[in-house]
Ligand code: HAM
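In my numbering, the protein residues as written are 286 to 706.
What follows is the structure, given as structure tokens:
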């Protein structure tokens with residue numbers, strides 16, 4: 286074959302798609318219960334939106350974006366995340382003028398040029414929610430509880446919720462001084478990336494995955510100890526609400542996340558079922574982003590969660606039991622006359638809302654029954670010369686292998702009753 290899919294992308298084949306639909310339906314139902322409404326944004330945006338929104342010194346902007354010049358020499362980027370596009374859409378469409386609080390959700394494909402490995406793709410999918418218009422800590426907690434509720438509905442176990450606060454700008458300015466003071470005498474021992482971060486964005490040093498940097502970071506002062514009293518109060522309220530709602534969580538003072546827009550609460554949900562890429566979901570508050578993108582001051586909080594990683598956990602915990610696209614009815618036609626008549630019957634049975642298919646090759650009875658079995662049909666209708674002559678079907682219940690004759694005139698009612706059971 287001449288063409289292959291691009292490295293780090295996946296075909297979602299019919300065998301898999303049932304699981305995707307099940308997960309997407311569950312997400313949509315739960316988003317509706319929490320009163321979030323769907324928002325869809327274009328697949329590409331001006332590069333500047335992400336550079337300014339996510340931060341120039343982040344890995345995403347620095348090395349992972351699919352950026353290209355269009356024919357008009359404009360720099361465009363395939364969206365690597367949804368928060369900046371959602372804020373752009375919120376501002377551009379003036380959604381804040383309609384209601385004081387805007388609750389949005391999305392399910393979307395995203396693009397990051399990372400090194401592909403299990404759970405890390407170049408085109409992947411996220412579901413997420415963003416609520417814009419309030420700084421209330423109750424919403425930080427709601428966003429976390431919404432993500433947890435979706436995982437609960439999907440039957441996920443062994444999840445860990447890690448929380449931290451990166452405070453307000455004042456907390457961070459205080460902390461930046463303390464952190465640089467700690468790192469300065471050790472700077473030569475840090476990796477080259479961290480040495481660059483020291484000047485551009487020292488907080489990101491705490492997120493470094495290099496083992497030697499992690500060891501050096503272990504004794505660093507913690508941001509959580511530099512929070513202003515307002516920031517501390519906000520975070521205490523979020524933790525209290527989580528505790529009151531029986532959502533276990535752990536404080537990780539080193540959690541800073543890979544995007545620059547966060548203020549106050551940040552969190553991640555991880556699963557022990559995932560390997561090195563163990564983050565299922567990440568999010569937090571981003572009160573300054575709307576202003577940074579040229580809009581009005583709009584406090585906001587949200588989360589985003591990888592769907593491929595979620596499916597890996599579902600597979601590990603439930604096996605394949607979620608595929609639900611088995612056939613209801615298979616029509617087995619024997620001989621040219623039956624072959625012709627079965628077109629009409631297939632249509633009639635489909636009109637009842639039953640998942641129905643038939644033979645298209647004029648195969649033998651044995652081959653057709655094998656096909657019905659392969660598709661896990663629950664009922665097989667057999668139409669041969671005898672049945673045609675007597676205006677009836679031989680109906681085979683595939684679960685208990687019983688067979689009976691049902692007249693044409695009664696078959697629709699028979700099937701409706703059968704599937705009501
Ligand atoms: P993020 O941590 O970059 O946050 O991504 C969120 C989730 O997307 C990750 O926890 C992971 O499950 C999934 N993910 C990220 N990159 C990949 C990849 N290359 N392959 C597969 N899955 C991946 C954000 O995107 C923020 N916008 C979250 C947010 C929303 N913050 C506030 N609102």
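Cβ atoms here follow ideal geometry from the backbone N, Cα and C, with glycine treated the same way.
Can you tell me the Cα-Cα spacing of residue i and residue j, whole angstroms?
i	j	result
residue 705	residue 613	12 Å
residue 370	residue 427	22 Å
residue 352	residue 396	10 Å
residue 306	residue 315	14 Å
residue 634	residue 666	11 Å
residue 364	residue 329	5 Å
residue 390	residue 689	50 Å
residue 467	residue 505	6 Å
residue 578	residue 334	7 Å
residue 498	residue 511	22 Å
residue 600	residue 404	13 Å
residue 621	residue 392	47 Å
residue 340	residue 645	57 Å
residue 639	residue 366	39 Å
residue 288	residue 309	30 Å
residue 495	residue 602	31 Å
residue 675	residue 692	8 Å
residue 660	residue 425	46 Å
residue 450	residue 588	15 Å
residue 518	residue 385	23 Å
residue 354	residue 486	28 Å
residue 520	residue 539	15 Å
residue 445	residue 462	32 Å
residue 312	residue 319	11 Å
residue 562	residue 350	19 Å
residue 484	residue 375	33 Å
residue 554	residue 378	32 Å
residue 294	residue 546	28 Å
residue 324	residue 368	11 Å
residue 695	residue 669	18 Å
residue 716	residue 653	This structure cannot settle anything about residue 716, because the visible part of the chain is limited to 286 through 706.
residue 531	residue 537	19 Å
residue 414	residue 571	13 Å
residue 417	residue 678	60 Å
Would DSSP call residue i helix, strand or coil?
i	result
residue 446	strand
residue 618	strand
residue 353	strand
residue 319	coil
residue 586	strand
residue 277	Any answer about residue 277 is impossible in this case: the structure gives the chain only from 286 up to 706.
residue 422	helix
residue 631	helix
residue 603	helix
residue 538	coil
residue 561	coil
residue 399	coil
residue 686	coil
residue 571	coil
residue 306	helix
residue 626	helix
residue 404	coil
residue 411	strand
residue 388	strand
residue 555	strand
residue 381	helix
residue 544	coil
residue 417	strand
Using alpha carbons as the reference points, say which of the options lies closest to residue i.
i	options	result
residue 442	598, 359, 553 and 320	598
residue 501	703, 491 and 373	491
residue 281	485, 587, 454 and 644	Outside the shown range of the chain (286 to 706) lies residue 281, about which nothing can therefore be said.
residue 526	295, 422 and 697	422
residue 542	637, 661, 374 and 488	488
residue 610	300, 295, 539 and 296	300
residue 459	556, 546, 514 and 286	514
residue 343	375, 493, 456 and 416	493
residue 346	362, 354 and 356	362
residue 296	324, 536 and 394	394
residue 651	619, 682, 637 and 678	619
residue 685	410, 662, 584 and 479	662
residue 641	481, 624, 626 and 616	616
residue 522	550, 631 and 545	550
residue 576	440, 358, 372 and 604	372
residue 592	474, 623, 469 and 559	559
residue 503	475, 567, 556 and 337	475
residue 582	419, 648 and 557	419
**Report entry** Runs of beta strand (DSSP E) lying entirely within the segment 440 to 527, each at least 3 residues, in chain order
**Finding:** The DSSP assignment places complete beta strand (DSSP E) segments of no fewer than 3 residues inside the segment 440 to 527 at 444 to 450, in order along the chain.
Requested in this report: Write down every uninterrupted run of the beta strand (DSSP E) in the segment 635 to 683 whose length is 3 residues or greater and which is fully enclosed by it, in chain order.
Outcome: Every unbroken stretch of the beta strand (DSSP E) spanning 3 or more residues and falling wholly within the segment 635 to 683 is given here in chain order: 641 to 643, 664 to 668 and 677 to 682.
Requested in this report: Scan the segment 329 to 376 and note each continuous alpha helix (DSSP H) run of 4 residues or more that stays entirely inside, going in chain order.
Outcome: Listed in chain order, they are 332 to 339.
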